[in-house]
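Undergrad:
In my numbering, the protein residues as written are 1 to 211.
And the structure:
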């Protein structure tokens, strides 16, 4: 996740969505076991961190700007919880099994369907009704939430903003500490460093490289 560079929060989240869709497709075509591990970890991390940003900064906009915003925001939160359960299962499964392929397809389908819904039904309304300065200001807030947020599916998540921020920061710190210690997604290993230097992951952001 990178700086918003003057974009709105809608631009940031739409860009995240495209990146995640591309990464899921790349993972589906990957045959190298090392790359499968790197890309699975990256996919999980990007989705979870995008969820965090949306819950903390997009959902309050939805509640404020749309007539049925409270219900819509809650539905999105429930969708996130459902997706993260699938992600938890995905990480626990051998990539060489049919079960992994089935779960990955479920992730791709769920992600694509919800992303399409947001960009078709929700973002245009927010673009029209929300304060433009606020949309731009929240872009950096969203990117910050992503960069400091959890890297793993969350066992606990809440819809209340202040509590969500505190939980996210603590979970993110714990996750990154464990990731570094366990070399999750090969983070910090000589092999991943060599592949990074060779430009192997120029279009992705392997675990341990965010900042």
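Backbone N, C-alpha and C fix where the C-beta goes; we use that ideal spot for every residue, glycine too.
(1) What is the DSSP secondary structure of residue 224, reduced to helix, strand or coil?
(2) Given a cut-off of 8 Å, decide if residue 126 and residue 61 are closer than it, judged by their beta-carbon atoms.
(3) Look at the alpha carbon of residue 59 and the alpha carbon of residue 96, and state the distance between them as a whole number of angstroms.
(4) Under a Cβ-count criterion, where at least 16 other Cβ atoms within 10 Å of its own Cβ denotes burial, should residue 198 be classed as buried or exposed?
(5) What distance in whole Å lies between the Cβ atoms of residue 80 and residue 159, which are believed to be in contact at a cut-off of 8 Å?
(6) With C-beta atoms as the reference, is residue 14 less than 8 Å away from residue 123?
(7) What's the call for residue 8, buried or exposed, on a 16-neighbour Cβ count within 10 Å?
(8) Take residue 19 as the anchor and find which of 49, 32 and 138 has the nearest alpha-carbon.
(9) Roughly how many angstroms lie between the CA atoms of residue 188 and residue 70, to the nearest whole one?
(10) Do the segment 25-34 and the segment 130-148 meet, that is, are 3 or more Cβ pairs less than 8 Å apart?
(11) Could you check whether the Cβ of residue 6 sits closer than 8 Å to any Cβ belonging to chain C?
(12) Residue 283 and residue 185: beta carbons closer than 8 Å?
(13) When the Cα of residue 76 is compared with those of 196, 25, 57 and 140, which residue comes out closest?
(14) Taking residue 153 and residue 44 to be in contact with their CB atoms under 8 Å, please state how far apart those CB atoms are, rounded to whole angstroms.
(15) Within the continuous alpha helix (DSSP H) that includes residue 177, where are the two ends?
(16) Could you work out which residue in 156, 161 and 155 is closest to residue 141 when comparing CA atoms only?
(17) What residue ranges within the segment 65-114 form continuous beta strand (DSSP E) runs of no fewer than 3 residues, ordered along the chain?
(18) Please confirm whether residue 104 and residue 89 have their CB atoms less than 8 Å apart.
(19) Does residue 191 come out as helix, strand or coil in the three-state DSSP assignment?
(20) Look at residue 54 and residue 108 and say whether their C-beta atoms are less than 8 Å apart.
(21) Using 8 Å for Cβ pairs, my map puts residue 192 next to residue 6. What's the rounded Cβ distance?
TA: With the structure as the only source:
(1) This structure does not reach residue 224, given that the chain is present from 1 up to 211, and the question cannot be answered.
(2) Position 61 of the chain shown, counting from 1, holds the residue named residue 61. Position 126 of the chain shown, counting from 1, holds the residue named residue 126. A contact, by the Cβ cut-off of 8 Å.
(3) The sequence position of residue 59 within the chain shown is 59, counting from 1. The sequence position of residue 96 within the chain shown is 96, counting from 1. Computed Cα separation, rounded: 37 Å.
(4) Position 198 of the chain shown, counted from the first residue, corresponds to residue 198. Label assigned to residue 198: exposed.
(5) Taking the first residue of the chain shown as position 1, residue 159 is located at position 159. Taking the first residue of the chain shown as position 1, residue 80 is located at position 80. So it is not a contact: roughly 10 Å between Cβ atoms.
(6) Reading the chain shown from its first residue, position 14 is the one you call residue 14. Reading the chain shown from its first residue, position 123 is the one you call residue 123. Closer than 8 Å, so yes.
(7) Reading the chain shown from its first residue, position 8 is the one you call residue 8. Buried, by the Cβ-count rule.
(8) The residue labelled residue 19 in the question sits at position 19 within the chain shown. Residue 49 is the option with its Cα nearest to residue 19.
(9) Within the chain shown, numbered from 1, the residue matching residue 188 stands at position 188. Within the chain shown, numbered from 1, the residue matching residue 70 stands at position 70. For residue 188 and residue 70, the distance between alpha carbons rounds to 42 Å.
(10) no
(11) The chain inventory of the structure shown lacks chain C, comprising one protein chain alone.
(12) No information on residue 283 is available, as it lies outside the stretch 1 to 211 that the chain covers here.
(13) Taking the chain shown and counting its residues from 1, the one referred to as residue 76 is at position 76. Answer by Cα proximity: 57.
(14) On the chain shown, residue 153 is found 153 positions in, with the first residue counted as 1. On the chain shown, residue 44 is found 44 positions in, with the first residue counted as 1. Rounded, the Cβ-Cβ distance is 7 Å, consistent with contact.
(15) Along the chain shown, read from residue 1 onward, the residue named residue 177 stands at position 177. Start and end: 161-182.
(16) The count along the chain shown starts at 1 and reaches residue 141 at position 141. Nearest of 156, 161 and 155 to residue 141, Cα basis: 161.
(17) none
(18) For the purposes of this step, residue 104 is identified with residue 104 of the chain shown, where counting begins at 1. For the purposes of this step, residue 89 is identified with residue 89 of the chain shown, where counting begins at 1. The answer is no: Cβ separation not under 8 Å.
(19) Here the question's residue 191 lines up with position 191 in the chain shown. Note: residue 191 maps to helix in three-state DSSP.
(20) Position 54 of the chain shown, counted from the start, is the residue given in the question as residue 54. Position 108 of the chain shown, counted from the start, is the residue given in the question as residue 108. Against a cut-off of 8 Å, the Cβ pair of residue 108 and residue 54 comes out as no contact.
(21) Here residue 192 refers to the residue found at position 192 of the chain shown. Here residue 6 refers to the residue found at position 6 of the chain shown. About 32 Å; that fails the 8 Å criterion.
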